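Written below as structure tokens is the structure these notes are about.
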Amino acid sequence: MTSASTSSATSPASNASSQTAAPSPNADPEKHNNNRDTEGTAEAEKAKKPSLKERAEKLWAKTQLDVTTMKIMAKGALAPTISLAAYQATNFAETYTTLGYLVGVVSILSFAIMPRSKFLQTWFLNMLSSCLAACVALLAIYCAVQARLHTETTVRTGGPGTSGTPSPGATTSTYNSSAAAVSGIWLFFEIWIINTMRARNPQLMIPGIIATIFANVSMVYAPQFASMATGISFVKRLLESFFTGFAIGGAVSLLIFPMTMRGVVFKEFTGYIMLLRKMTKANLTYLQSLEEGDMFFGRSDTNVPEKPKRTSEAQAIKDTLAGLAALHGKLSIDLTFAKREVAIGRLGPDDLQEIFKQLRGLMLPIIGLSSVIDVFERIAEDRDWNHPAPKKPFEELDDPNERSRMEAVQDWHAIFKTMREPFARIVGDIDEGFEHVLITLQLIKPPKREADAESEGDRPHPGEKDFQSYHYKRVDEYHSQKRNLLRRWCELRGFSLPDDFFENTQKADFKAPDWYHNVKNNDERQKYRARLFIVLYVDFLLDSIALTVHDFVKYADAKVESGKLGRKRLIVPGVKRLRKWIKSSYSRKQDAYTDEQHGMNEDGNRASNVYLGDAYNKRKDPEHLPPSTAWEKFGDRLRGIAHFLRSPASSFGFRAACATMCLAIVAYLHDTQTFYVRQRLFWAQIMVGMSMSPSAGQSLFSFALRLVGTFAAMVTSFIIWYIVDGHTAGVLVFFWFFVAWGFFIVLKFPRFIPVGMIYSVTNTLIIGYELQVRKIGVTVSESNGQAYYPIYELAPYRLATVAAGIFVAFIWTVFPYPISEHSELRRNLGSSLYLLANYYSVVIETVKFRVRGDFQNLHFDEKEHPAKKLEKIRQTVFSKSVLLLQGLRTHSGFIKYDVPIGGRFPRQNYDRIIARIQDILNFASLLSYASQTFSDMRNAEKDGSESQWLNDFRRLVKEADITSKESTTLLSLLSASVASGQPLPPYLQHPEPYRLSAKLESLDASILSVRHMAEPGFAAFAVMQISTKCIGDDIKALLADIKELVGELDFSFHVVSTQDDSPRGSQDALIRDDVQD
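Have a look at this one:
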């Protein structure tokens, strides 16, 4: 728009200048033409140069500060600001006295920026954890008081070595070693159990930090209370401070810029569909680029040897695909919370689940279409074409491999040129279908359209009533034109087909080229068949995407017709969903599927028994049989205590407790107790709990980042205080502004959430304390034993205490053995490989029963059908794999900033393995998706319309066992080796590629004839064939990558020439078992 307006604005001036400076008849025409060319070039450059507004918008976009982000930042900083402002009221200050700063800290940790359902769950758990921590604190204080009473004859209040009065009515007494020892033991136990639960249940992370703060503060003063009355008074006031912070956080969350989880999910739906639209257009652009370019070698160098050199069109697809995978993983998590939310809206929880199901069904074929890039890359690797082609005519090429490559490139140019028009048309129809869904479901506003009767006629537009029938007509036209596409391909290959060939394929005669009849020249037959399979691959996926989008269009229109989108209503989740929500808060679910189908079904027929594999049941214990008696069941539960104590979660809890006690021990010694309280060292303890994380280890880089966050808080606290000369109103305004940037880190850099939290909390501690002293005075502020410091001294003290806590947390992360980011990434990679083995196994079983037609003559209840079980498990494992792979990419990207100790971390190897796993997952999903075609055609068999070719194909597939157990076995072995860090077993071979086409032709030579290429199942078979080939290539490369990473248990020896630099493995041993004399 800017360019257009610029050109139109300058055109009158240009005309005026041309009229004024018109050339004379005697002027040199060549010189005049040169001047015109120069002027035109200058105008073109001027038109291309972005305007100031465009440059400003581009620069602003880089800051990631959109309106929504700024609202959430303002909302997050508002809660602690309200807490500090409320302290300026006399009643508030008299109530909380020296504990008022905790109100602001807890209001930050309430995470008011979370959507409503997530916030309410965390809010409830925060309050519950605070209450439990208060109960344990009272028990610990009781034990400490009893220890004091049993070791002292008289109890004195106040005096040397005490902490004064931490809260009104809670006076402290003199030092007592027994009370200090008891309190230390209780603190160790509390920190251990809290952090163990944090590690076991990630959703308890924030409640665990809240409980950690409560435990640290209460146990510091516990040994100094002489009676339960003073202890109860202190715990009560402490609990009131926490709940006041929760109340302020809750009010801000629910009243200020309220954000529901449903609203977040609807925005993610919109973004998801927009990314799908972008993917389809990017794929079309890529396919059109193959009409001219070299599909086997890209033009853009990535500067990384391990990464393929892709064209800009191909790289755009991969970048968009990465964003789609990340959004899919986030949406799958957010959807669970959105379905549990009480709201006023139009669509219910089941509708949200159905929309996500539609999107998931669209993601698989679009990912498959994007994998055309990988298919050509694999061809290039197999044939050594992954390098720039010689810039010579075909006739001058001497290398047979280069001549073959040039012939393939020219052939593909011709093929994609013939496909240009139908592909462009169906992609346009797909995009309009997406737009109709967005408008109909009220995810976007209808665009303003300009009437143009000549160009568009009376056809309905997206969002209009009759668009569904129009869209179906367009999709059906493309589906019916598949024969034209195949006919054009046959003409390129030298076939001559009669006009009625596809109506009577069994009897119609056709002329075929010599290579088709020459059975001995198998290479040429395989070459052209592979190209046909790729053509059918693209056509099948575009056709599937169009049909799936049309189903989505029908679903959206059905919601309009049902009246759900016409009015809002109260949406309340069902009792079953709420029950599952409560159970998920504390349960650790295990998969347990059993065969209970022994009775009669509804039709009165005997139900068939389907015996499920071990993977459906609980994991077996190699040391114990399943308990059968009551005593054995009791013993089994008793053993659970030992399992809990030796679990990784318990180990993390023990580390956190030891780290805390390294600092807390100062508070429990006679000579240092006063120093500890006076210098506020318990905040170093609290930072231990905030810094240590069970899901990721510490590194030097993350340690430095936490220090930087604390230092930034110290600097900004000076700015907040001195820029307004300490005036309270100005301090509160600047405090709100600077704390908001801590939430910017939380929003935009999730890996650095502890940094943002430490920054915000430290600012609150410094500014909150100074405002507290101004309100209640120095005397009252020092009544809790803490010395008063002006802000220019307090801020460095805070920096020192926080840094000490972070440093101790770092030490106990690497001692006695390190929990490093590297080991965490390796274990997660092993878990990802294990999930991949599970997923591949389930996919193979799914494909087998779909293609062979298993269970079609058996009767099952709908919920107990084996296909339903496989589908449920497949979707669950797929979602887990997507989330884990996304976490692995984030983790790997974070590690590149780490400062290595010792040898460098092999990040490039890990990135290659992660990419291989993602590719195998994508092609396995596509394999499952394509096999669904055979199930859909099986339904047609009931009407007697299933083709003879399909019957023959199923019969041959049953004879040729298509299962690939070796791949699942290999993936499981790779997973175990990576997770444990042990070398691979010797003589480990990758599975040989399963040549299903050759196997089928050996059983029936005509099964893959040209006569059958229009069959619906033929294209699905082509997709499956390409997918299995790519999976085999990826598993082979995966084995080599992991062997390079962990090594191989190889004790063989070799006789190698000094001129031979090729690496050898156990399969090349001097003495081999498979060599016979």
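Here the working numbering is used: the first residue of the sequence shown is 19, the next is one more, and so on. Glycine is no exception: its CB is placed at the ideal position from the N, C-alpha and C atoms. None of the values given here were measured: they were computed from a predicted structure.
query, result
"The beta strand (DSSP E) enclosing LEU588, as first and last residue numbers", "587 to 589"
"Exposed unless 16 or more other CB atoms sit within 10 angstroms - verdict on SER841", "exposed"
"Contact set for THR458: own chain, Cβ-Cβ below 7 Å, skip 5 residues either direction", "GLY481, ALA574, ASP575 and VAL578"
"Given VAL200 as reference, the closest of LEU222, ALA229, TYR239 and ALA217 once Cα atoms are compared", "TYR239"
"Spatial distance of ASP400 from ASP518 (CA atoms)", "39 Å"
"One or two residues paired with LYS529 in a DSSP bridge", "SER514"
"Completely contained beta strand (DSSP E) runs for the segment 329 to 405, where each covers 3 or more residues", "361 to 363"
"Three-way DSSP call (helix, strand, coil) for LEU643 in this model", "coil"
"Reduced DSSP secondary structure (H/G/I, E/B, other) of GLU482", "coil"
"Outcome for CYS153 when other beta-carbon atoms lying within 10 angstroms are tallied against a minimum of 16", "exposed"
"Expected contact under 8 Å - CB spacing of THR298 and ILE384 to nearest Å", "7 Å"
"In chain order, each alpha helix (DSSP H) run of at least 4 residues that lies wholly inside the segment 1026 to 1068", "1034 to 1064"
"Neighbour-count burial assignment, LEU554, 16 or more Cβ in a 10 Å radius", "buried"
"Residue from LYS357, MET775, ASP337 and ILE266 with nearest C-alpha to ASP369", "LYS357"
"Whole-number beta carbon distance between ARG868 and PHE952, since they are thought to touch under 8 Å", "5 Å"
"Cβ contact (3+ pairs, closer than 8 Å) linking the segment 554 to 563 and the segment 490 to 500", "yes"
"Nearest residue (CA-CA) to ALA92, options PHE756, ALA682 and ILE227", "PHE756"
"Neighbourhood of ALA233 by C-beta distance below 6 Å, restricted to the same chain and skipping five residues each side", "ALA151 and GLU208"
"Coil, strand or helix - LEU1002 by DSSP", "strand"
"Cα-Cα separation, LYS336 to TYR787", "51 Å"
"For GLN697, the first and last residue of its enclosing alpha helix (DSSP H)", "Unbroken run through GLN697: none, as it is neither H nor E."
"Residue of PRO133, ILE90 and TYR806 minimising C-alpha distance to GLY281", "PRO133"
"Residue environment, PRO220, which counts as buried when at least 16 other CB atoms sit within 10 Å", "exposed"
"Proximity test, Cβ basis, 8 Å: TRP430 and chain E", "Note that chain E does not occur in the displayed structure, where there is just one protein chain."
"Uninterrupted alpha helix (DSSP H) stretches inside the segment 767 to 799 (no shorter than 4 residues)", "771 to 799"
"Cβ-based burial, SER330 [other Cβ within 10 Å; buried from 16]", "exposed"
"Separation of VAL860 from GLY631, as counted between CA atoms", "Confidence at GLY631 is low in this model, with a pLDDT of 46, below 50, so its placement is unreliable and the value that follows should be read with caution. Looking at the two C-alpha atoms, the distance is approximately 11 Å."
"Delimiting residues of the alpha helix (DSSP H) encompassing ALA855", "839 to 870"
"Three-state class that DSSP yields for ILE741 in the structure shown", "coil"
"Counted within 10 angstroms of its Cβ, other Cβ atoms place ASP46 as buried (16 or more) or exposed", "Low local confidence applies: a pLDDT of 46 at ASP46 is under 50, so the model's placement there is unreliable, with the coordinate-based value given in what follows. That one is exposed."
"Inter-residue spacing [alpha-carbon to alpha-carbon] between PRO465 and VAL85", "22 Å"
"Rounded Cβ spacing between LYS583 and GLN460 (contact assumed at less than 8 Å)", "Note on residue identity: the sequence assigns Leu, not Lys, to residue 583. Going by Cβ atoms, the distance from LEU583 to GLN460 rounds to 6 Å, so yes, they are a contact pair."
"Delimiting residues of the alpha helix (DSSP H) encompassing ALA674", "666 to 682"
"Where the alpha helix (DSSP H) through SER271 begins and ends", "246 to 273"
"CA-to-CA distance, GLY911 to LEU1088, given in whole angstroms", "Unreliable positioning characterises LEU1088 in this predicted model, as indicated by a pLDDT of 40, which lies under 50. The coordinate reading is nonetheless provided below. Approximately 42 Å between the Cα atoms of the pair."
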